[in-house]
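Q: Below are the structure tokens for one structure; questions will follow.
This is the structure in structure tokens:
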């Protein structure tokens with residue numbers, strides 16, 4: 001008999017309000033151990049409030065949370081020993097050096113001094129901060145401070161790390177450097193819960209994504225699963241002249257599925273973008289002696305997903 005693997009994080013019917021403002025409503029989540037799970041949503045969706053609850057920094061009004069089987073409220077001390085937290089703004093002490101920040105964190109976690117020193121040195125090397133280790137953190141760039149902040153959250157060797165918009169405000173290069181670190185952590189077995197407002201970030205990193213809007217999970221799945229739920233995929237074919245465009249539209253037959261654009265000498269065909277569908281279209285055109293000049297495939301992206309699920313254009317940013 002196969003024993004089901006315990007999820008790193010299980011959330012059941014979680015609610016949270018501040019006064020009359022309902023921030024979270026009936027949140028259900030299961031985060032498999034060793035995966036990167038992303039909460040995607042615009043500002044004000046409730047992402048940070050959810051992370052604060054999961055990190056034992058705020059109490060829910062109702063619901064249950066378990067971290068590796070431990071109840072968040074009844075076993076809070078055990079849960080705190082299993083998690084690490086990095087917020088959207090680096091929480092380093094800018095007066096202390098990188099080394100001092102890490103060793104202080106180790107002592108706050110009750111690590112023996114020698115172990116805190118060894119662990120800190122290992123993390124400085126891992127996060128490429130050795131050369132800056134003796135300098136005040138206030139002299140670090142934004143990307144360096146964010147790496148130090150993440151290193152501090154790993155001092156206690158957490159099994160589950162909450163990254164609350166960790167790349168907000170970083171330049172593209174620093175953002176991608178941090179992506180590499182996040183991937184390495186997951187590859188080593190650390191579970192990552194990543195909240196982000198960057199569409200590309202969720203698409204690039206996450207094994208699974210939950211879309212949070214107005215305090216409610218409106219969809220969950222792998223990036224590909226979410227995209228497949230959304231209509232709008234199509235092929236765009238361009239032709240040399242108007243006569244060829246007309247012949248192509250006639251060959252494909254269905255006016256509802258093939259939409260000509262005479263100005264661009266292009267034909268838009270509804271399609272899921274699969275190799276089989278593309279081959280069928282090209283074979284049909286070849287049978288009628290129609291030659292195409294250019295073919296492009298459009299598949300729904302996470303922007304399309306967010307619009308379709310919430311009914312309004314996303315405020316979520318791309319990670320350009």
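Residue numbers (UniProt numbering): 1 to 320. Virtual Cβ for every residue (Gly too), placed ideally from N, Cα, C.
Say whether the stretch 205-220 touches the stretch 283-294, bearing in mind that this needs 3 or more beta-carbon pairs closer than 8 angstroms, one atom from each stretch.
A: No, they do not touch.
Q: What is the residue span of the alpha helix (DSSP H) that residue 139 lies within?
A: Note, residue 139: premise wrong, no alpha helix (DSSP H); not H, not E.
Q: As a quick exercise: from 27, 10, 9, 11, pick the residue whose alpha carbon is nearest that of residue 17.
A: When each option's Cα is compared against that of residue 17, the closest is 27.
Q: What runs of the alpha helix (DSSP H), each 4 residues or longer, lie entirely inside the stretch 71-142?
A: Fully enclosed alpha helix (DSSP H) runs of 4 or longer: 76-82, 98-108, 113-126.
Q: Is residue 57 helix, strand or coil when you go by DSSP?
A: The answer is coil: DSSP assigns residue 57 none of H, G, I, E or B.
Q: Are there 16 or more other CB atoms within 10 angstroms of the CB of residue 23, so buried, or fewer, so exposed?
A: Buried, because 16 or more other Cβ atoms sit within 10 Å of the Cβ of residue 23.
Q: Our contact map puts residue 182 next to residue 36 with C-beta atoms below 8 angstroms; I'd like the distance itself, whole angstroms only.
A: Between residue 36 and residue 182 the Cβ distance is about 7 angstroms, and since that is below 8 angstroms, they are a contact.
Q: Quick one: what's got a C-beta closer than 8 angstroms to residue 130's C-beta in the same chain, skipping five residues either side?
A: Here the set comprises 124.
Q: Are residue 149 and residue 86 touching if we call contact CB-CB under 8 angstroms?
A: For residue 149 and residue 86, yes; Cβs fall inside 8 angstroms.
Q: So with Cβ pairs under 8 angstroms, would you call residue 300 a contact of chain D?
A: Annotation note: the requested chain D is absent from the structure, which comprises a single protein chain.
Q: Confirm, please, whether the CB-CB distance from residue 62 to residue 21 is below 8 angstroms.
A: No, Cβ-Cβ distance for residue 21 and residue 62 is not below 8 angstroms.
Q: Which two residues bound the contiguous beta strand (DSSP E) that contains residue 63?
A: First-last of the beta strand (DSSP E) with residue 63: 62-67.
Q: Can you tell me which of 76, 193, 308 puts its alpha carbon nearest to the alpha carbon of residue 50?
A: It is 193.
Q: Quick one: is residue 274 buried, meaning 16 or more other Cβ sit within 10 Å of its Cβ, or exposed?
A: By the neighbour-count rule (16 or more Cβ atoms within 10 Å), residue 274 is not buried but exposed.
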